[in-house]
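Chemist: The following block contains the structure, expressed as structure tokens.
Chains as they are written, first to last, in the numbering used here: chain H, 71 to 473; chain V, 6 to 103.
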């Protein structure tokens with residue numbers, strides 16, 4: 071059974087992390103020093119580097135700071151940046167979590183703020199430790215998936231195996247999120263037929279078309295040189311493989327970074343900004359997507375890789391599923407699940423799907439994932455711009471309001 | 006050991022699941038052919054003869070078009086096919102010769 075941490079909004083966490091958040095790059099070093107000196111696997115560094123305001127970054131930081139896996143927050147501000155630190159503190163306070171704010175220019179510089187920050191971490195951790203533990207059902211889990219360092223094996227082993235696990239979680243009533251519409255270019259027509267309403271189907275096609283336009287303006291698809299070395303030739307070939315992570319359940323809606331899915335079921339996270347391309351590539355690397363999935367409430371992220379990625383994440387554990395048997399041997403100590411066995415005839419897709427499902431339950435029950443154990447706590451947040459999702463994107467919202 | 010697998014009956018390419026060496030006998034539509042080149046795991050070969058302009062079908066779905074012909078068992082990759090959406094890039098294109 072999963073023993074969750076009960077938060078005041080009724081959501082439950084599988085971890086009780088204290089975050090130290092820098093609100094501009096100028097406060098990054100001090101925040102990192104505080105986390106380094108705290109030397110606790112459950113004290114994590116997060117932050118936003120920009121000095122200019124950005125509604126998306128503010129929304130994601132609020133979602134991260136009130137994520138069910140987060141028990142308390144220490145904010146580190148330089149003092150002159152435009153990030154609204156008072157608002158973020160108020161949002162965390164309203165959630166019932168302990169929160170402290172340190173302004174480097176007021177506290178008196180690097181050494182003084184590092185010392186004050188360590189003391190703040192101690193107090194916040196002590197407050198977070200009082201969080202009640204309660205039983206947590208599988209249907210209360212939010213499970214996300216992403217692929218990184220994909221190759222020609224990803225789409226035949228690890229990705230469809232995650233799809234099998236997703237189908238089981240959706241059948242259990244849990245929320246599952248898949249993403250990266252730029253890596254679904256070419257699948258939009260097939261995907262639209264799985265939408266629970268025709269209007270949602272049209273929204274799915276529109277959001278993939280938006281991704282294609284955006285990436286065309288950027289001059290590159292969501293396609294790295296390593297993808298080609300691994301046997302993938304085109305964006306749509308990579309997409310078809312990536313798409314299989316979604317499994318075969320109906321698609322219940324589209325959400326955007328920082329939105330919570332209104333019900334259980336399978337949701338598509340639209341990660342490509344709205345409007346004219348402004349701040350560059352939609353997600354500059356895999357961890358930017360993982361942060362967005364976590365901002366949508368993900369307790370755990372299933373990360374499939376063929377070439378071999380080693381990343382983890384702050385806040386929510388990342389579970390690594392290796393698609394390629396050769397990579398699996400070379401990077402064995404970085405992987406949770408070896409899906410490459412499927413290619414060598416040693417396991418079936420269904421068996422690996424079950425293994426992934428069981429691994430999620432074990433990690434949700436407190437076991438550390440491999441990347442967690444290795445100390446991976448990556449976090450990256452940059453500038454983006456989004457419009458709110460339209461009503462056709464969430465046909466389940468009315469249902470959840472009635473319920 | 007199986008070197009090539011068919012993912013969907015409509016596909017006109019096969020996926021390499023164990024390393025292929027020059028001269029290995031590859032089972033494709035209509036019989037076996039010797040491999041002309043070494044091909045690593047994850048890559049594709051033509052299931053039957055493909056002509057320039059043919060749609061390449063994998064997972065039962067189009068994943069691009071041929072820009073040059075390929076014989077059965079021949080490697081299908083960036084030298085003979087392209088995206089129907091967005092051009093793919095390699096390190097040589099981005100940063101000069103690797």
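Just so you know, even glycine gets a beta-carbon here, dropped at the ideal spot from N, CA and C.
Residues of the segment 75 to 87 of chain V with a CB closer than 8 Å to any CB of chain H: list them in chain order, please.
Modeler: Taking 8 Å as the Cβ-Cβ cut-off against chain H, the residues of the segment 75 to 87 of chain V that qualify are 81, 82, 83, 86, 87.
Chemist: Could you tell me whether the segment 285 to 296 of chain H touches the segment 198 to 210 of chain H, where touching means 3 or more Cβ pairs closer than 8 Å?
Modeler: Cβ pair count under 8 Å is below three, so no.
Chemist: Can you give me the Cβ contacts of residue 29 of chain V inside the same chain, cut-off strictly under 8 Å, excluding the 5 residues immediately before and after it?
Modeler: Around residue 29 of chain V: 8, 39, 40.
Chemist: DSSP three-state call for residue 3 of chain V: helix, strand or coil?
Modeler: The displayed coordinates of chain V run from 6 to 103. Any statement about residue 3 of chain V would go beyond what the structure contains.
Chemist: Could you tell me which residues DSSP pairs with residue 170 of chain H in its beta bridges?
Modeler: Answer is H:144, bridged to residue 170 of chain H.
Chemist: Give the interface partners of residue 298 of chain H over in chain V, defined as CB-CB distance under 7 Å, in chain order.
Modeler: Per Cβ cutoff of 7 Å: 83, 93, 95.
Chemist: With DSSP collapsed to three states, give me the class of residue 236 of chain H.
Modeler: Helix at residue 236 of chain H.
Chemist: With 9 Å as the threshold, decide whether the Cβ of residue 20 of chain V is near any Cβ in chain H.
Modeler: Cβ-Cβ to chain H under 9 Å: yes for residue 20 of chain V.
Chemist: Throw me the rounded Cβ distance for the residue 83 of chain H and residue 219 of chain H pair, which I believe falls under 8 Å.
Modeler: Not a contact, Cβ separation roughly 29 Å.
Chemist: Using only the alpha-carbon positions, how far apart do residue 458 of chain H and residue 253 of chain H sit?
Modeler: About 22 Å.
Chemist: Helix, strand or coil, according to DSSP, for residue 134 of chain H in the structure here?
Modeler: Of the three classes helix, strand and coil, the one that applies to residue 134 of chain H here is helix, per DSSP.
Chemist: Of all Cβ atoms in chain H, is any one closer than 9 Å to the Cβ of residue 89 of chain V?
Modeler: Yes - at least one Cβ of chain H is within 9 Å of the one on residue 89 of chain V.
Chemist: Within a Cβ cutoff of 6 Å, which residues of the same chain sit near residue 173 of chain H, ignoring the five residues on either side of it in sequence?
Modeler: Excluding residues within five positions, the ones whose Cβ falls inside 6 Å are 147, 149.
Chemist: Between which two residues does the beta strand (DSSP E) carrying residue 19 of chain V extend?
Modeler: Counting along the chain, the beta strand (DSSP E) containing residue 19 of chain V begins and ends at 18 to 21.
Chemist: In the segment 26 to 51 of chain V, which residues sit with their C-beta less than 9 Å from some C-beta in chain H, listed in chain order?
Modeler: So the list reads 44, 45, 46, 47, 48, 49, given in the order they occur along the chain.
Chemist: Give me the Cβ distance between residue 143 of chain H and residue 89 of chain H, rounded to the nearest whole Å; I'm assuming they're in contact under 8 Å.
Modeler: 5 Å between Cβ atoms; contact.
Chemist: Taking C-beta pairs closer than 7 Å, name the residues in chain H that residue 12 of chain V reaches, listed in chain order.
Modeler: 226, listed in chain order.
Chemist: Between the Cα of residue 72 of chain H and those of H:460, H:431, H:441, spot the shortest distance and give me the residue it belongs to.
Modeler: Considering only alpha carbons, the answer is H:431.
Chemist: Quick one: Cα of residue 159 of chain H to Cα of residue 127 of chain H, how far?
Modeler: The straight-line gap from Cα to Cα measures roughly 15 Å.
Chemist: For residue 192 of chain H, does the three-state DSSP call read helix, strand or coil?
Modeler: Helix, per DSSP.
Chemist: Note down, in chain order, each residue of its chain lying with its Cβ closer than 8 Å to the Cβ of residue 100 of chain V, except the 5 sequence neighbours on either side.
Modeler: Low confidence applies here, because residue 100 of chain V scores a pLDDT of 48, under 50, leaving its location unreliable; read the following figure in that light. Closer than 8 Å at the Cβ level, and outside the excluded window around residue 100 of chain V, lies no residue.
Chemist: Please return the same chain residues whose Cβ sits closer than 7 Å to the Cβ of residue 162 of chain H, not counting the five positions on each side in sequence.
Modeler: Only 135, 136, 143, 169 meet the Cβ criterion.
Chemist: In terms of residues, what are the limits of the beta strand (DSSP E) holding residue 68 of chain V?
Modeler: Residue 68 of chain V -> beta strand (DSSP E) spans 66 to 71.
Chemist: Assuming residue 465 of chain H and residue 323 of chain H are in contact, meaning their beta carbons sit under 8 Å apart, how far apart are those beta carbons, in whole angstroms?
Modeler: Right, the Cβ-Cβ distance comes to about 7 Å (below 8 Å), so this counts as a contact.
Chemist: Return the residue from the list V:94, V:13, V:69 that minimises the CA-CA distance to residue 307 of chain H.
Modeler: For residue 307 of chain H, the nearest C-alpha among the options comes from V:69.
Chemist: Are any of the Cβ atoms in chain H nearer than 9 Å to that of residue 101 of chain V?
Modeler: Because the pLDDT at residue 101 of chain V is just 43, under 50, the model does not fix this residue reliably, and the value given afterwards should be weighed accordingly. No, residue 101 of chain V lies away from the interface with chain H (no Cβ there is under 9 Å from its Cβ).
Chemist: I'd like the span of the beta strand (DSSP E) that includes residue 74 of chain H, first residue to last.
Modeler: Per DSSP, residue 74 of chain H belongs to the beta strand (DSSP E) from 72 to 76.
Chemist: Going along chain V, which residues have a C-beta under 9 Å from residue 408 of chain H?
Modeler: Correct list: empty, because the minimum Cβ distance to chain V is about 15 Å.
Chemist: Count Cβ pairs between the segment 336 to 352 of chain H and the segment 309 to 322 of chain H that sit closer than 8 Å; are there 3 or more?
Modeler: Short answer: they touch.
Chemist: For residue 58 of chain V, which residues in chain H fall below 9 Å Cβ to Cβ?
Modeler: Within 9 Å Cβ-Cβ: nothing; residue 58 of chain V doesn't reach chain H, min ~15 Å.
Chemist: How should residue 268 of chain H be labelled, buried or exposed, when 16 other C-beta atoms within 10 angstroms of its C-beta is the threshold for buried?
Modeler: So residue 268 of chain H counts as exposed.
Chemist: Mind checking which residues open and close the beta strand (DSSP E) that includes residue 363 of chain H?
Modeler: Segment 356 to 365 is the alpha helix (DSSP H) holding residue 363 of chain H; no beta strand (DSSP E) there.
Chemist: Is residue 102 of chain V helix, strand or coil by DSSP?
Modeler: Because the pLDDT of residue 102 of chain V is 41, which lies under 50, any placement of that residue in the model is unreliable, and the question is left without a value.
Chemist: Straight-line CA distance for residue 152 of chain H to residue 111 of chain H?
Modeler: Residue 152 of chain H and residue 111 of chain H: Cα-Cα distance of roughly 30 Å.
Chemist: Would you kindly report the start and end of the unbroken alpha helix (DSSP H) that includes residue 338 of chain H?
Modeler: Run containing residue 338 of chain H: none in the alpha helix (DSSP H); it sits in the beta strand (DSSP E), 335 to 339.
Chemist: Where do the N-terminal and C-terminal ends of the beta strand (DSSP E) with residue 429 of chain H fall, by residue?
Modeler: Taken as a continuous stretch (DSSP letters only), residue 429 of chain H belongs to no beta strand (DSSP E), being part of the alpha helix (DSSP H) at 419 to 434.
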